[in-house]
Amino acid sequence: MAPPSNNLWVGNLAHDVTDADLRFLFEKYGPLDRVTSYSSRGFGFIYFKNINDSMEAKDALQGFFFHGLHLKIKFANTPSRGSPCLSPNTQNQNKTLKKSSK
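Each residue of the sequence shown is one higher than the last, beginning at 1 in the UniProt record's numbering.
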């Protein structure tokens with residue numbers, strides 16, 4: 001599990017969720033740097049300016065019923081410089097691929 005950070009991974013997103021929908025939902029907990037959704041893949045990232053705000057949002061919205069689905073929220077893994085954030089599902093797939101290629 002990733003340690004608390006300013007960045008949240010939000011999973012179980014409905015395919016019709018937009019960046020604006022996520023911004024409206026999460027900005028109630030504090031100022032945001034950026035929102036990036038990959039709704040076609042069922043997840044997105046919320047980048048808060050303050051770690052305390054991300055912690056509060058995670059606690060408040062975990063399991064929240066949004067566009068017909070219950071949200072799953074985790075702290076996003078902090079990537080090394082120049083690497084994209086990966087969802088927990090993608091990371092598990094990468095580990096499986098590495099094991100099977102050995």
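Cβ atoms here follow ideal geometry from the backbone N, Cα and C, with glycine treated the same way. Since we're looking at a predicted model, the values are computed, not measured.
- Setting aside the 5 residues that flank it on each side, Phe-43 is surrounded in the same chain by Trp-9, Val-10, Gly-11, Leu-13 and Ser-87, each with a C-beta closer than 7 Å to its C-beta; the list follows chain order.
- Straight-line measurement puts the Cα of Tyr-47 at about 5 Å from the Cα of Asp-33.
- Each of Gly-68, Lys-72, Met-55 and Asp-53 was checked against the Cα of Gln-62, and the nearest Cα belongs to Lys-72.
- Take the alpha-carbon of Met-1 and the one of Lys-28: they are about 25 Å apart.
- Distance from Phe-75 to Pro-31 at the Cβ level is roughly 18 Å; contact not present, criterion being Cβ atoms closer than 8 Å.
- For the beta strand (DSSP E) assignment, the uninterrupted runs of no fewer than 3 residues enclosed by the UniProt domain "RRM" (6-78) are, from N- to C-terminal side, 7-11, 32-38, 43-48 and 72-75.
- Ranking Val-17, Met-55, Ala-60 and Phe-26 by CA distance to the CA of Tyr-38 puts Val-17 first.
- With respect to the 8 Å criterion, Asn-7 and Lys-49 are not classified as neighbours on the basis of their beta carbons.
- Nearest Cα to Asp-59 within the set Val-35, Phe-26, Asp-19 and Thr-36: Phe-26.
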